[in-house]
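In what follows, a single structure is set out as structure tokens and then discussed.
This is the structure:
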């Protein structure tokens with residue numbers, strides 16, 4: 011009986027991921043840019059520091075989509091960013107962020123606005 015309970019616990023915990031403050035039902039903001047993905051990634055790195063967040067690269071998704079985590083000062087995930095190439099000179103960005111957080115929404119808007127101003 012102990013083996014069954016232990017196996018069930020390992021199975022249940024094996025699929026767990028740290029969702030941070032983002033949670034299971036995040037708010038989403040999308041944007042497109044007339045620039046290569048590498049340029050938008052560089053803009054993302056510089057813009058995030060201006061809104062007092064940090065960024066870490068996550069495992070990429072299928073199809074060449076790059077993923078990043080945005081972290082607050084206590085290193086808790088507050089947003090996920092996905093960057094994908096639409097063409098050689100066009101990039102799509104999706105940001106999934108903590109719902110009901112005006113502070114995080116403002117930071118996400120500032121990052122997107124700064125990158126749009128730089129490339130569009």
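Numbering (the working numbering), first residue to last: 11 to 130. C-beta: ideal position from N, C-alpha, C; glycine also. Since the model is a prediction, treat every value here as computed from it, not as a measurement.
For residue i, the nearest candidate out of the options (CA to CA)
i: residue 111; options: 40, 87, 55; result: 87
i: residue 90; options: 116, 67, 97, 48; result: 67
i: residue 79; options: 64, 73, 72; result: 64
i: residue 43; options: 103, 73, 81, 36; result: 103
Bridge-paired residues (DSSP) for residue i
i: residue 58; result: DSSP, once it has assigned bridges, lists no residue as partnering residue 58.
i: residue 104; result: 40, 92
i: residue 76; result: 93
Residue i burial status per 10 Å Cβ neighbour count (16 or more: buried)
i: residue 54; result: buried
i: residue 22; result: No answer about residue 22 holds up, because its pLDDT of 46 lies below 50 and its placement is not dependable.
i: residue 70; result: exposed
i: residue 51; result: buried
i: residue 98; result: exposed
i: residue 85; result: exposed
i: residue 123; result: exposed
i: residue 82; result: buried
i: residue 117; result: buried
i: residue 72; result: exposed
i: residue 127; result: exposed
Close beta carbons around residue i, own chain, < 8 Å, minus the five adjacent residues each side
i: residue 47; result: 76, 93, 94, 95, 101
i: residue 120; result: 57, 60, 61
i: residue 129; result: 43, 44, 45, 49, 50, 53
i: residue 74; result: 94, 95
Residues near residue i in its chain [Cβ-Cβ closer than 6 Å; skip 5 each side]
i: residue 115; result: none
i: residue 38; result: 106
i: residue 40; result: 104
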